[in-house]
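S.K.:
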Amino acid sequence: MDKSWLNIRNRVDQRYRDGVEGFLNWAFSQTGVNTMIRCPCRGCMNTVFKLRIDVRGDLLKKGFWDSYKVWDLHGEVLVRVENSNAACSAEVEADDIEEDDIIEMIHDACGYMGNNINSSEENEEPNMHAAKFYKLLEDAQIELYPGCTKVSKLSFVIKLLHLKCLNHWSNKSMDELLSFFKEVLPEGSLLPSSFYEAKKILRDLGLGYTKIDACQNDCILYWRDYVNAQSCPKCEMSRWKSVENKGKKVVHKVLRYFPIKPRLQRLYMAKETSKKMRWHKEENIDDGVLRHPSDSIEWKSFDERYPSFSSELRNVRLGLASDGFQPFGNMSSNHSIWPVVLVTYNLPPWDCMKDSYFMMPLLIPGPKSPGNDIDVYLQPMIEELKELWDGVETYDAHTKSNFLMRVALMWTINDFPVYGNLSGWSTKGKLACPCCHKDTQSIFLRNKLCYMGHRRFLPMNHPWRKNRVLFDGKVEMGVAPSPLTGDEALMQIQELGNVSFGKGKKRKRNVSNNAYNWRKKSIFFQLPYWKCLKLRHNLDVMHIERNVSDNILSTVMSIVGKTKDTLKSRYDLVDLGIRQGLHPIEDGDTILLPAACYALSSQEKLKLCEFLANLKVPDAFSSNISREYKREMEIQGATRPQGIHNNKFIEWFRARVSIFVLAAQGRATDELISLAVGPEPLVHRYSIFMVNGFRFQTKELVRKMQNSGVLVRGDDADSNKEYYGVLEDIYELRYVGNRKVYLFKCHWWDVARLGRGYKIDQYGFTSVNTHCALNTNEPFVLASQSEQVFYLNDMIDKDWLVVVKTNPRDLFNMPDVEEEELINDEVYQQEEVECNILNTNDHETNIEVSLHRDDIEPETVLRTNDQENEEDDFINDYHTDVSEDEESEEESLADNDGEDSDTSF
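Sequential numbering of the sequence shown, starting at 1, is according to the UniProt record's numbering.
(1) To which residues of the same chain is residue 315 closer than 6 Å at the C-beta, ignoring the five residues directly before and after it?
(2) Please report the distance separating the alpha-carbon of residue 153 from that of residue 208.
(3) Who are the Cβ neighbours of residue 19 in its own chain at under 6 Å, not counting the five residues just before and after it?
(4) According to DSSP, which residues form a beta bridge with residue 337?
(5) Is it true that the CB of residue 212 sits closer than 8 Å to the CB of residue 257?
(6) Span of the alpha helix (DSSP H) holding residue 273?
(7) Give me the Cβ distance between residue 520 and residue 499, rounded to the nearest whole Å; I'm assuming they're in contact under 8 Å.
(8) Between residue 433 and residue 724, what straight-line distance do the alpha-carbon atoms span, to the nearest angstrom?
(9) Give the DSSP-derived three-state secondary structure of residue 590 in the structure shown.
(10) Thinking C-beta only, is residue 446 closer than 8 Å to residue 572?
(11) Tell me residue 317's beta-bridge partners as DSSP assigns them.
(12) Quick check: what's the CA-CA separation for residue 575 versus residue 567?
(13) Under DSSP, the alpha helix (DSSP H) around residue 489 begins and ends at which residues?
(14) If you follow the beta strand (DSSP E) that residue 734 is part of, which residue opens it and which one closes it?
(15) Helix, strand or coil: how does DSSP classify residue 363 here?
(16) Since residue 780 is in the alpha helix (DSSP H), which residue starts that stretch and which ends it?
(17) Let me make sure I understand the geometry here. Which of 495, 705 and 280 has the alpha-carbon closest to that of residue 612?
(18) Spatial neighbours of residue 551 within its chain, please: C-beta separation below 6 Å, excluding the five flanking residues on both sides.
(19) Would residue 683 pass as a contact of residue 651 if the rule is Cβ separation under 8 Å?
(20) For residue 767, does the three-state DSSP call read helix, strand or coil?
(21) Please classify residue 396 as buried or exposed, where buried requires at least 16 other C-beta atoms within 10 Å of its C-beta.
(22) Which residue wins for smallest C-alpha separation from residue 542, given the options 414, 526, 608 and 617?
(23) Kindly say whether residue 68, judged by its beta-carbon, lies nearer than 8 Å to any beta-carbon of chain C.
(24) Starting from residue 709, follow its DSSP beta bridges and name the residues at the other end.
(25) I'd like to check one pair, residue 373 with residue 218: are the Cβ atoms closer than 8 Å?
(26) What does the alpha-carbon distance come out to for the pair residue 367 and residue 687?
(27) Buried or exposed: where does residue 909 fall if 16 or more other Cβ atoms within 10 Å of its Cβ makes it buried?
(28) What residues in its chain sit with their C-beta under 8 Å from that of residue 515, if we drop five residues either side in the sequence?
(29) Could you tell me whether the Cβ atoms of residue 906 and residue 858 are closer together than 8 Å?
(30) If you check the beta carbons only, do residue 780 and residue 745 fall under 8 Å apart?
(31) Assuming contact is defined by CB atoms lying nearer than 8 Å, are residue 62 and residue 75 in contact in what I supplied?
(32) From the DSSP output, read off the bridge partner residues of residue 746.
(33) Give the DSSP bridge partners of residue 401, in chain order.
(34) Less than 8 Å between C-beta atoms, sequence neighbours within five positions excluded: which residues of the same chain meet that for residue 874?
(35) Do residue 341 and residue 353 have their C-beta atoms closer together than 8 Å?
(36) Looking at the strands, I want to know which residues DSSP matches up with residue 690.
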C-alpha cells in the first residue's frame, strides 16, 4: 500500500488529496456495514469515530497523524517477513507494532473520547480528561534519551514497573535502581529519578480510588452530610488521632473506595475482553448441565422477572465476596483488613475466576472486624450499584458502538460468620441457621448449642428417618422448612425498628420475638431487585470442605486439639441419653473413654498414612496428596489358536472387499476400502490422549497422578461385563483417505470368575486380583470404547486393587492461550459409586448396634475442674476475628432468646 503521500506537507497538493481519497476508499472497504471509522488526523488521533466526509475534512485541514504508521485500527494486517534480507525492515516493523500496542493500551485505558474532544475548533484547549490522554500519547512517542529508538519513555516505565511486580522488588530497591540508570544513561534522558515519579507517569493510565474517613467505632463515614464533621455524631469520638504537634491531622480510619463504573466500562473498551463479556449468552450451551452461573435456576429466574435487563446480553452480573486477612502475615494476629471483591459472571468459566478479572471496590480498614457494622462501609458501593442498575453509557470496542450498560448484583459468597454480617441474620444462638430461620431445631448442651433436625431434608420414605439408634433416639417425620422470600424477610425485619451502627457503647436491645434472629436490615435491600432474588447469600465451598474434612480426619486420627471426640462430647451423649456404649466411665481421678467404632489403632493409623502416601488419582480428581512412585509390570503373552484365524480373516476380508469393488454395486464404501488396503507401515505413538472427556496417560509416565486406568464394557453375551486394565501404549494407525484409528494397548486383568479374578464388597466397590492377568494376544481396544477408572491399594489384602470410576470433565472449545495464561484446572469430580445405602430397616427400629470397639484400649483422661466448662465451636473453628463488642451483644441477645421462648428439639 502506497504511503508516500504521507510525507507531503502541502495538504493542498493534489497528490496528498488523492492519497487521502485512496486511504478513505480502502479504510471503508474494511468496515463492512459500518459508516464510521476512527479519524487518524492530528487532532483526533484515532480516538473519535466519524463519517467519511468529516474524516476527509480533518485530514485535509489538520493533516495525518505522524505516529500512525501501521494502520491496524483500520484493518491493515502486517505480513511477517521470513527472508533474512529483510531483517532490518522486520525489526523496524516489530518496533512499530510494540509502539502501537502501547498506544492501543492508552486508547483502551482512556476509552472513547468523542464527547471530550472538540474536533471543529483546532485552537480550543482540551478538557482535563483529554489533556491526560494527550500527555500519555506524548510519553508513548517521546524518546527515553536522544537517539533511543527501541523504547519510549512510557514503555520503559511500564516494563520496569512490571518487572518490579513480578519479582517483588521493594520501593527502596526501585529508587536505587532508577538512580543507577540515571547515572548510566546519556545526558538528557527522561528517566524518572524515583519510584514516586514513575508512578506519577502511569497514574493517568490506571484507575484511582477515593479515600473516605471513617469513625473509629464504625458508626459513620465522613462523607455526604458528615464530610466536614470533626467528631462522630453518635459516639462523639474525634475524627482525628490526638497529636501533640501542630502538623497534619491523621484520621483514625480510612476506607479506600475503588469506583466500579470505570472498571466495568474498561472491560468493554478492550476488543478481546468485550467479546468475552458476551460468552454467557452467545457461546454457552444450555443442555441442563450446571457449568456456569448462567445455567443456574436463580440466573434464569432473574431473566424471567427482568426481561428488559436480560434482553441486553452485555448487561453485567456480579457476585460479591468478602473476608478478613492479616496484612502482616504471622507477625500480627490482632490486625486484619477486609477487602470486598466483585466477580464478573459474564466471562467464560476459565476467565471469570482469574485474579486479573477480579474487582476490589472496597478495602475496609482494621484492626478489628467490622462485624454487623460492615453496612456502614458498603454505602458507597451500594449507591453506585443503584446507579448502575439504571444504566450508564458505555462504548463497546467489539461492535464499535455505544450502549446502555446495566449492572446487577446476583448474590454474595462468604463463610458462615460473614454470611451473618452481610445478610443481617445472626448466625449465632438457637436460630443460627438462616435457611431454616424460625424453624431451626437446636438444643443447649452444657456450654454449647447443638443443631438438630437434619433428617428433615431427606425424602419422606428414607429409612434413616425412622432410625433411632444412629441418631438422637427419635423418629423424624418433620418436613424441611421453606426458605424466606424477600418480602417475608422484610416483614420480620420491620419488628426490629431502627438499628444504630457502631461499637462505641455496649447495648442490650429488647428485640421482639417476631424479629427472630434478625439483627439489622441488610443494606443490600436498598437495591431495587434484591428482595426478588431467591438466592441472596451463599456459603463458599472452601470453608465447608476444610471444616468438615479436617474435623473428620482429625477425629478418626485422634489428633490432639483438633479431634471432636472429646470428654465434653461424651458427656453430651450422657445428657442426651443415647449411645450408652460410648459414655465415659469414671474411675476415681481418671475417666475412661471407650473407643468409638470409627477409632483407629496405632497400626491402622500407620496403614491409613501409607495408603494416602501411595495414592494416585486422575488429574483434577482431588488435590495431590500422594508421592511419586513407579511400578514395573510384566506383560505375559501366550500362543492362541485364534492367531491363524486372524491371519486368514485379513486375507478373506481384502478379497471380499475386492469383489464388492468389481461388482460396482455401491456396497464397498470408502471406509471399507481403506480398511482392506490396510494401515500405513509407519505407526505413531503417543503418551497422552484425550477421548470421551477423559485424559489418559500411559503407565510408564512417572507422575503424581494416575491417568492410566482403563474400563471397557464387554461386547460378548454379557453386555454388562466390565474389563479393567492399565494403559501401556497409544497407537495411531493411518489409512488412505486421511483416515485415522487410535488404539489403546493395555494390560488386562482376568475378571472371568467372581471371587477369584474380581469381587464386589457390601458397599458396591469392585476389586480386581492383580495376580490374575488376562492371557491374551489381543491387548488392543479402540480408544473410543474406553472409560477411565483409577485403582486404590487394598490395605488389608495386598494382592487386590479397589476400582473407582470417574466422571468425564466437561470440555469447552477454549481459545489458545499463552504459556503465562495457563488455565487453572481446579479440582472437579463427583464420585460415582454404585452402592446401596446400608440396610437400616425400613421400619422403626430400636435394635442396638455396636458403636464402640472392644479391641482397642479405652482412652484414659485425668479429671480436671474446668473440663466441662470448655467451649466448643464447630462452625467458627477457623474464624477468630470477632470483635468483643459484637460477642457481648450476641450473648445478651441469646440470653433474651432463652428467657422469652422455649427451646425446640
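Glycine included, every Cβ here is placed at the ideal spot set by N, Cα and C. Quick caveat, the model's predicted, so the values are computed rather than measured.
M.R.: This is what the structure holds:
(1) 309 and 406
(2) 22 Å
(3) 5
(4) In the DSSP assignment, the residues bridged to residue 337 are 325.
(5) yes
(6) 271-276
(7) 5 Å
(8) 46 Å
(9) strand
(10) yes
(11) Answer by DSSP bridge pairing, in chain order: 408.
(12) 13 Å
(13) 486-493
(14) 722-735
(15) strand
(16) Residue 780 -> not in any alpha helix (DSSP H); beta strand (DSSP E) instead, spanning 780-782.
(17) 705
(18) 564
(19) Taking the C-beta atoms as reference points, residue 651 is found no nearer than 8 Å to residue 683.
(20) Under the three-state reduction of DSSP, residue 767 is assigned to strand.
(21) Classification of residue 396: buried, given that the 10 Å Cβ count is 16 or more.
(22) 414
(23) The structure shown contains no chain C; it holds only a single protein chain.
(24) 726 and 789
(25) Result yes, Cβ atoms of residue 218 and residue 373 sit closer than 8 Å.
(26) 54 Å
(27) The requested residue 909 does not occur in the structure, where the chain is confined to residues 1 to 905.
(28) 492, 493, 495 and 496
(29) For residue 906 there is no data in the structure shown, the boundaries of the chain being 1 and 905.
(30) yes
(31) no
(32) 727
(33) 396
(34) Because residue 874 sits at a pLDDT of 49, beneath the cut-off of 50, its placement in the model cannot be relied upon, and the following sentence gives the value as read from the coordinates. For residue 874, where only same-chain residues beyond five positions count, the Cβ hits under 8 Å are 547, 551 and 564.
(35) no
(36) Beta-bridge pairing by DSSP links residue 690 to 695.
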